[in-house]
Each structure stands twice: as C-alpha cells, then as structure tokens.
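K.L.:
For the sequence shown, our numbering assigns the number 29 to the initial residue and increments by one for each residue that follows.
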Amino acid sequence: MVKKRQASREIARRIRQARKLSGLNQQEVEVEIGKAKNAVSRWERAKVQIDATDLGKLARLFKVSSDWLLGIDDEVEMSEVELVRDYRLASPALRAATLAGLQAGLRMERDPSG
29 MVKKRQASRE IARRIRQARK LSGLNQQEVE VEIGKAKNAV SRWERAKVQI DATDLGKLAR
89 LFKVSSDWLL GIDDEVEMSE VELVRDYRLA SPALRAATLA GLQAGLRMER DPSG
C-alpha cells in the first residue's frame, strides 16, 4: 500500500510540475482536456487516480511522455521542457539565432577539426 501511495504522490508531483512549466493554471488545463472543475486539483493532490485517457491528454498538452508523468521514464528531463517553453516564448529572430547557434555547436562537437 505504501508503494502505491508513493507512486500516486509522484504522479501528482509530476502533473503539477509539468502544468506549472507549461504556464497553465488548473482551470486552463481542465478546459483544454475537457474535464470538470477541480479535476486537476484532485490529481495534483493525489486525491483521485488519473485514468489512462486523461493521462494521455495531459502528456500531449504538456509535451511529455505518459511514462514520464507516471514516473516510469525520466528520459525527458524537466529542464528540456523548460527549454522548449522558453524557445516558444522567444521571438522568431531569437528562435532562429538560437537554432543556428545550437546547430553550429553540434557540428563542432562532431568534427572539432572542422
């Protein structure tokens, strides 16, 4: 029973973390995924278990995997989610410059002699 409770708390923590990093409040998430008032609050407090359909909707909305929300897979780090969020907030010119710089850096890493 303790493991199940810990897993529920971890899922709740990850839902809250992903929501906050997405810049959405609980009500906005509920509207986006078609849930009743306070559904997200109950998930984030681990008062109610989220079903697979809603978990998938949250994963798509937050741009993370369902496995990450479940605590199974840490492949997508929250720093990556933050990076994507910041990139989306940037102006088109800053996005282009950031992408060009990243691509140049990757080329240099692959072939330092260059």
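In this text, a Cβ means the ideal position worked out from N, Cα and C, and glycines have one as well.
Would you call the stretch 63-72 in contact with the stretch 111-130, where contact means no fewer than 3 C-beta pairs closer than 8 Å?
P.N.:
Result no; under three Cβ-Cβ pairs closer than 8 Å.
K.L.:
With DSSP run on the structure shown, which of helix, strand or coil describes D139?
P.N.:
D139 falls in the coil class under three-state DSSP.
K.L.:
Relative to the C-alpha of I39, which residue among Q55, A87, V59 and P120 is closest?
P.N.:
For I39, the nearest C-alpha among the options comes from A87.
K.L.:
Shortest alpha-carbon distance to R33 belongs to which of V76, G51, A46 and V57?
P.N.:
Minimum Cα distance to R33 is reached at V76.
K.L.:
Taking its Cβ as the centre, do 16 or more other Cβ atoms sit within 10 Å of Q54, making it buried, or is it exposed?
P.N.:
Its Cβ being crowded by 16 or more others within 10 Å, Q54 is buried.
K.L.:
Please look up how many angstroms separate the CB atoms of G62 and R113, rounded, as I've assumed it's under 8 Å.
P.N.:
Actually they do not touch by this definition, with Cβ atoms about 23 Å apart.
K.L.:
S94 and L83 - do their beta-carbons sit closer together than 8 Å?
P.N.:
Contact flag set, yes.
K.L.:
Can you check which of these residues, L98, G133, A121 and E56, is closest to A80 by C-alpha distance?
P.N.:
The option with the nearest alpha carbon to A80 is L98.
K.L.:
If A74 sits next to S36, beta carbons under 8 Å apart, how far is it from one beta carbon to the other, in whole angstroms?
P.N.:
4 Å between Cβ atoms; contact.
K.L.:
Classify E72: buried if its beta carbon has 16 or more other beta carbons within 10 angstroms, exposed otherwise.
P.N.:
The residue in question, E72, is buried, as its Cβ has 16 or more Cβ neighbours within 10 Å.
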